[in-house]
Amino acid sequence: MENIARILEINQVTHDVKSFKIEKPSGYSFIPGQATDVSVNKPGWEKELRPFTFTCLNDQPYLEFTIKRYADHKGVTDQVHRLNVGDGLIIRDVWGAIAYKGPGYFIAGGAGITPFIAILRQLHNDNKLQGNKLIFANKTSADIIYKKELTNMLGNDFINVLSKEHPLSQNGNTLLPKNSGYRYGIIDEAFLLKEISSFSTHFYVCGPDKMIADINGILKKNGADPEQVVFEK
Ligand SMILES: Cc1cc2nc3c(=O)[nH]c(=O)nc-3n(C[C@H](O)[C@H](O)[C@H](O)COP(=O)(O)OP(=O)(O)OC[C@H]3O[C@@H](n4cnc5c(N)ncnc54)[C@H](O)[C@@H]3O)c2cc1C
């Protein structure tokens, strides 16, 4: 099934991420964490399909995607970021990316947060967030998608890890204070052993393939059985 859905609203989320609210076809529904294959309704782009996750709630009257642009790929994300309100996206049937099975640890890298956005928003809406923790890895603080909202939802259960920013290094024009609340480096075994109180719980991991392979290796070694989605090769 293909539907052309007009863009209703576009918001800049970070320097290279935008959210797109689009029309919701009648009868269309999804479970938080699910995705669909999207293409741009412009000549030559209709058949270039890429998967994107819904970041809205299913009971909202629109659909929303939150999309990171890879300008150097000259592909679909670059095209999507050139679109305006009123332009069309072609969406298709929904398919499962990652499903919530119960409280646990969400570990995301970059745009890998998107399936967790839908899941966490739904849990927050249902007052069922308790017992979940989010560990979110990014290169710099400027890359953190929906930082304010995630902080409001999760409080101390939201841990930000930055790989390319050091507490005392210059980040654009901002010198980060020493006690900025960020962790610095990568999510390695020492980090996970410190942060995770029990490996007998649910783990949801989403991000670039190398990050997923590394983290899953550590989780499995410690007895966990993670749910995972690879976002980038
Ligand atoms: C289930 C699932 C859900 C997803 N949901 C989301 C989401 O909600 N939001 C989101 O932002 N992302 C999401 N992603 C990731 C998203 O699908 C990719 O970022 C997207 O497919 C990239 O499309 P693109 O056409 O811009 O680039 P690509 O398809 O990666 O690349 C296009 C072309 O660029 C070239 N290329 C590839 N890599 C490079 C490189 N490093 N440098 C230069 N050129 C290169 C290649 O020739 C390639 O054919 C999801 C992925 C999956 C699997």
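For the sequence shown, the working numbering assigns the number 109 to the initial residue and increments by one for each residue that follows. The C-beta atom is built at its ideal place from N, Cα and C for all residues, glycine as well.
(request) For residue 309, name the three-state secondary structure that DSSP assigns. (result) Here residue 309 is taken as the residue at index 201 of the sequence shown, counted from 1. Looking at residue 309 - three-state DSSP - the assignment turns out to be coil, as it is neither helix nor strand.
(message) Taking the straight line between their C-alpha atoms, what separation do you get for residue 236 and residue 210?
(response) Start at 1 with the first residue of the sequence shown, and residue 236 comes out as number 128. Start at 1 with the first residue of the sequence shown, and residue 210 comes out as number 102. Computed Cα separation, rounded: 10 Å.
(request) Check residue 109 in the structure and name its three-state DSSP category. (result) As a first step, residue 109 must be located in the sequence shown, where it is residue number 1. Three-state result, residue 109: coil.
(message) Considering just the uninterrupted stretch of the beta strand (DSSP E) at residue 125, what are its terminal residues?
(response) As a working mapping, residue 125 is identified with position 17 in the sequence shown. First-last of the beta strand (DSSP E) with residue 125: 125-131.
(message) Counting C-beta neighbours from all protein chains within 10 Å, is the total for residue 157 16 or more, i.e. buried, or is it exposed?
(response) Your numbering for residue 157 matches position 49 in the sequence shown. Classification of residue 157: exposed, given that the 10 Å Cβ count is below 16.
(request) Give the straight-line distance between the Cα atoms of residue 326 and residue 116, rounded to the nearest whole angstrom. (result) Indexing the sequence shown from 1 puts residue 326 at position 218. Indexing the sequence shown from 1 puts residue 116 at position 8. One C-alpha to the other measures close to 42 Å.
(message) Taking the alpha carbon of residue 201 as the reference point, which residue from 144, 184, 263 has its own alpha carbon closest?
(response) Walking along the sequence shown from the start, residue 201 turns up at place 93. Nearest of 144, 184, 263 to residue 201, Cα basis: 144.
(message) Within the continuous beta strand (DSSP E) that includes residue 171, where are the two ends?
(response) Position 63 of the sequence shown holds residue 171. Looking at the DSSP string, the run of the beta strand (DSSP E) that includes residue 171 is 170-176.
(request) Pull up the distance between the alpha-carbon of residue 281 and that of residue 250, whole angstroms please. (result) Taking the first residue of the sequence shown as 1, we reach residue 281 at position 173. Taking the first residue of the sequence shown as 1, we reach residue 250 at position 142. No answer about residue 281 holds up, because its pLDDT of 49 lies below 50 and its placement is not dependable.
(message) Which residue wins for smallest C-alpha separation from residue 113, given the options 147, 122, 119, 121?
(response) Within the sequence shown, numbered from 1, the residue matching residue 113 stands at position 5. The option with the nearest alpha carbon to residue 113 is 147.
(request) Please go through the stretch 213-274 and give each complete alpha helix (DSSP H) segment of 4 or more residues, from N-terminal end onward. (result) 222-233, 255-262
(message) If I measure Cβ to Cβ from residue 323 and keep anything under 7 Å in the same chain, skipping five residues before and after, which residues do I get?
(response) Here residue 323 corresponds to residue number 215 of the sequence shown, with the count starting at 1. Counting only Cβ-Cβ distances below 7 Å, and skipping sequence neighbours, we find 215, 295, 313.
(message) One question on the structure: do residue 339 and residue 217 come within less than 9 Å of each other, judged by their Cβ atoms?
(response) For the purposes of this step, residue 339 is identified with residue 231 of the sequence shown, where counting begins at 1. For the purposes of this step, residue 217 is identified with residue 109 of the sequence shown, where counting begins at 1. It is a contact, given that the beta carbons lie within the stated cut-off.
(request) Using the beta-carbon of each residue, find all residues closer than 5 Å to any heavy atom of ligand 1 and list them in chain order. (result) 143, 158, 159, 160, 161, 175, 176, 178, 180, 181, 183, 184, 185, 205, 219, 222, 339
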